[in-house]
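Per the working numbering, the sequence shown starts with residue 307, numbered consecutively.
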Amino acid sequence: MDKKLKLAVIGSPISHSKSPEIHKDFANQFDAKIEFRKDEVTSETLETWLIDFFKNDGKGVSITLPLKEAALNYADEISDRARLASTCNVIYAKDERLFADCTDGYGLIKDLEENLKVLLKDKKILILGAGGAARGIIPSIIEKKPAKLKVANRTEGKALSLKEDLEGKVNLKEKNIIFEAGDLSYDFLLDDSYDLIINSTSISTQAGESLGLPKALFKSTKLAYDLFYSAEKTVFMQDALGAGVETVSDGWGMLVEQGAESFRLWTNLIPDTSRLLEKPID
Ligand code: NAP
């Protein structure tokens with residue numbers, strides 16, 4: 307690559323994003339020259355920002371909260387995984403067209419199955435939360451054929467509409483996957499046990515706040531995974547440890563792996579993620 311590749315991450319808030327550091331690490335592995343912007347962009351400014359970025363030779367952009375659904379409207383082509391998720395976290399230019407993709411699910415599976423060695427086939431999985439992140443990861447989880455997938459959300463209607471949306475696109479019966487949606491009530495949460503519990507709510511962004519999960523929820527759980535990433539253990543991770551879960555993880559590995567997949571889409575280069583996985587950026 308002779309010319310500097312123009313990349314960016316956009317969202318609001320955006321100052322906390324580690325994407326520039328992650329992608330600079332990837333680029334250095336190949337001596338690739340990149341320029342990586344971090345721009346505060348809202349739903350109101352999204353369209354003008356995208357037009358300007360791609361008109362001025364922009365190659366690829368990582369999309370974060372709250373733009374992941376809206377950004378789909380600006381792509382000429384939508385990948386299968388973004389279509390199934392009804393959300394995207396990447397837009398990139400190729401052959402004069404804009405492509406939207408969702409690499410969050412890929413990043414999570416890579417972290418769970420390859421880095422943490424937890425296979426999802428035939429497992430019972432509980433996902434807490436039904437926001438954009440849950441939508442992004444569920445199609446990739448389904449591909450791994452768990453026995454059961456349950457989505458529990460504070461606002462029950464959002465979990466139910468996620469289920470309805472997915473059932474319109476994927477034949478879960480054919481895949482032998484039981485899929486349930488409900489609220490965060492103990493009745494719904496405790497009528498089963500789970501090998502893996504994933505916290506996809508944004509509660510960990512509010513330090514000290516707890517979902518108030520009962521200890522019994524974790525009775526068969528081997529891994530409790532929080533999509534949020536932080537240097538400290540989140541309250542969700544602490545609750546799981548307190549309930550006897552052996553392994554807990556935050557979402558740093560997922561962030562790095564989804565970034566690596568986005569980098570591949572932008573450059574056709576597959577970066578080595580091992581150094582970043584070992585040593586998170588402060
Ligand atoms: P979102 O679309 O805003 O959804 C937020 C979710 O959290 C909703 O289900 C919401 O429930 C729930 N929630 C918020 N506050 C709650 C509370 N006090 N009690 C119970 N539930 C609560 O956000 P998102 O995009 O899904 O992101 C969720 C989390 O995933 C964030 O922490 C984000 O940093 C993380 N994430 C990590 C990665 C990664 O690569 N590691 C990638 C994407 C996202 P309601 O529907 O009831 O409001």
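Glycine included, each C-beta is placed from N, C-alpha and C at the ideal position.
The DSSP-derived three-state label of aspartate 410 is helix. Lysine 374 and leucine 432 have their C-alpha atoms some 23 angstroms from each other.
Ranked by Cα distance from serine 446, the options Asp363, Asp588, Ala453, Gly411 are led by Gly411. Listed in chain order, the non-local C-beta contacts of isoleucine 483 below 8 angstroms within the same chain comprise Ile448, Lys451, Pro452, Ala453, Lys454, Leu455, local neighbours out to five positions each way being set aside.
Between leucine 582 and aspartate 331 the beta-carbon gap is near 6 angstroms, inside 8 angstroms, which marks them as a contact. Val541 is the residue among Asp498, Val541, Glu486, Ala530 whose C-alpha sits nearest the C-alpha of glutamine 512. Here the alpha carbons of aspartate 386 and phenylalanine 405 stand approximately 11 angstroms from one another. At a threshold of 7 angstroms, aspartate 545 does not count as near the ligand NAP, since its beta carbon sits no closer than that to any of the ligand's heavy atoms. Contact between the region 345-361 and the region 323-330 is absent: fewer than 3 CB-CB pairs across the two stretches fall below 8 angstroms.
The C-beta distance from glycine 413 to methionine 543 rounds to 19 angstroms, too long to fall under 8 angstroms, and the pair is not in contact.
Exclusion of the five residues before and after valine 347 leaves Ile316, Gly317, Ser318, Trp355, Leu373 as the residues of its chain whose Cβ lies within less than 7 angstroms of its Cβ. Aspartate 545 and lysine 521 have their C-alpha atoms spaced approximately 8 angstroms apart. Sorting Lys312, Glu486, Ser506 by C-alpha distance to the C-alpha of lysine 469 places Glu486 at the top. For alanine 440, the distance from the CB to the nearest heavy atom of the ligand NAP is below 7 angstroms. The C-beta of tyrosine 492 has fewer than 16 other C-beta atoms within 10 Å across all chains shown, which makes the residue exposed. In the DSSP assignment, lysine 344 forms a beta bridge with Val315. Lysine 528 and threonine 553 do touch by the CB rule: their CB atoms are close to 6 angstroms apart, below 8 angstroms. Annotation for serine 555: the continuous beta strand (DSSP E) segment containing it runs 553-555.
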